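Asks: Handing you this structure, nothing more for now.
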Ligand SMILES: [Fe+2]
Ligand SMILES: [Fe+2]
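Residue numbers (the working numbering): 721 to 1219.
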């Protein structure tokens, strides 16, 4: 963890040439105010302090969140609430040795830009700085690194977190603890970081007065935090129920919470669209374009599949934004034919050693893991026990869980329940992950899980994939003031290996 204040150091501002090798710099502790974050962070909470980079941050006060990584490319999404100028990336394969500089791109205040970086080598760690040139100053950021996709057989790590819920200040969210968790995850050299939803809650907004700007603010609020992990480890988003990025809210106009949420999501976070590396949703939605809500890719020996019921279902899956009761008949909720057929094809066509599937929750609503995995289109049965699948989904060969079993899915990861639980059903691990920043370290919804190993918040989940197995670890995190012997941040509370 950082301590003290770093003296800011100005670097020569390279402008019209590739950078020569820059001397290595010492690891300096980082601190200090970042004005744009003070306005973006939840009221009453301290400003996030980025750590783990090498060198001083320079004059750029915005954030970098990497996305869409492949074996040969990555995209840096750059955003600053109040700075304008140009930005480019200084890149190399050794610390402090930058052999490339991307073309400068104009950056306007409060307007994210994507800097694509291609022609990379697979299975390689790259070191980079963001070069900012603006009226108020110029210079490179601290150095960070990321890694391209490994070849088959390569060992790598990825991380996961559930429901960060920054709107639930004090009850389920503490800014200092969130920074600690993201900082610890960033230090793990994760190839990427998966967020399982309920990170950009639109539900706290008043339906009578909601605006596009308010919805977008839910997404910019997370930028200072996600810049901590996202500048090192590309971020993949999974849609949650409180985000209200959902088909039932479309009204044919550009002015509804679904369009506002998905547009903010896709402009502020570089998410995958179907291409040579990713498969995913090809649907073009009016006023949004590609949704980028479900997608799959292979990384080393593992297949990763992110699915989403909220855009798939024509009706509200969980809580209706404009009021009303939740649905009692969840046969009316669906991932949709297109997503189902894509999921089936994706699982069947993959020969990956490990297959991981991610969603906010089984069916996007309810509580529990294997307890609800036997129900509706996920498991085929109605709550009364009758197998109504053939009648309710006549064009689907088998329920979703059976697709997992038939295609040897290693594990299904979900959030939503705010508890860490490992279960198993028919050889498939069902893993619920914790909240990252609950200062009360609560054990929510334990009654919904009738089997399995359960742990309370807070922390993140780390998975190491190697030729000998996929090791899943629950890394506990505490506020410094809450640490005691036996309650130490970074401790692995529980781990297991998927063969
Ligand atoms: Fe949720
Ligand atoms: Fe949640």
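Ideal placement from N, C-alpha and C gives every residue a C-beta, glycine not left out.
Given the structure is predicted, the values throughout are model-derived calculations rather than measurements.
1) Tell me whether residue 1004 is buried or exposed, calling it buried when 16 or more other Cβ atoms sit within 10 Å of its Cβ.
2) Which same chain residues end up closer than 7 Å to residue 1068 when comparing Cβ atoms and leaving out the 5 residues on each side of it in sequence?
3) With a cut-off of 8 Å, do at least 3 Cβ pairs link the segment 1040-1055 to the segment 896-904?
4) Using a Cβ-Cβ cutoff of less than 6 Å, which residues in the same chain neighbour residue 1055 once the five nearest sequence positions on both sides are dropped?
5) Please list, in chain order, all residues with a C-beta atom less than 5 Å from at least one heavy atom of ligand 2.
6) Using a Cβ-Cβ cut-off of 8 Å (strictly less than) and excluding sequence neighbours within five positions of residue 999, which residues of its own chain qualify?
7) Note down, one range per segment and in chain order, each beta strand (DSSP E) of at least 3 residues found wholly within the segment 789-817.
8) Within the same chain, show all residues whose beta-carbon is closer than 7 Å to that of residue 1113, passing over the 5 residues directly before and after it, in chain order.
9) Check residue 1114 in the structure and name its three-state DSSP category.
10) One question on the structure: do residue 918 and residue 885 come within less than 8 Å of each other, judged by their Cβ atoms?
11) Given 7 Å as the limit, tell me if residue 961 has its C-beta closer than that to any heavy atom belonging to ligand 1.
12) If we require 3 or more residues per run, which beta strand (DSSP E) segments fall completely within the segment 1162-1198?
13) Can you have a look at residue 1104 and say buried or exposed, based on whether 16 or more other CB atoms are within 10 angstroms of its CB?
14) Measuring CA to CA, which of 820, 798, 1130 and 947 is closest to residue 1021?
15) Got a sec, what are the start and stop residues for the alpha helix (DSSP H) residue 897 sits in?
16) Tell whether a beta-carbon distance below 8 Å holds between residue 778 and residue 854.
17) Which of helix, strand or coil does DSSP assign to residue 1096?
18) With distances taken from CA atoms, which of 1158, 1186, 1193 and 1160 is nearest residue 1173?
19) Given a threshold of 16 other Cβ atoms within 10 Å of its Cβ, counted over all protein chains shown, does residue 1043 qualify as buried or as exposed?
20) By Cβ distance below 8 Å, which residues in the same chain neighbour residue 1203 in space, the five residues on each side in sequence not counted?
21) Does any heavy atom of ligand 1 sit closer than 7 Å to the C-beta of residue 1136?
22) Output the residue ranges of the beta strand (DSSP E) runs that lie fully inside the segment 1001-1028 and measure 3 residues or longer, sorted by chain position.
23) Using only the alpha-carbon positions, how far apart do residue 1201 and residue 954 sit?
Replies: So, from the data block:
1) exposed
2) 1127
3) no
4) 1029 and 1032
5) 883 and 918
6) 1015, 1016, 1017, 1062 and 1066
7) 794-799 and 805-812
8) 1097
9) coil
10) yes
11) yes
12) 1173-1175, 1179-1186 and 1189-1196
13) exposed
14) 1130
15) 895-906
16) no
17) helix
18) 1193
19) exposed
20) 1209
21) yes
22) 1015-1019 and 1022-1026
23) 30 Å
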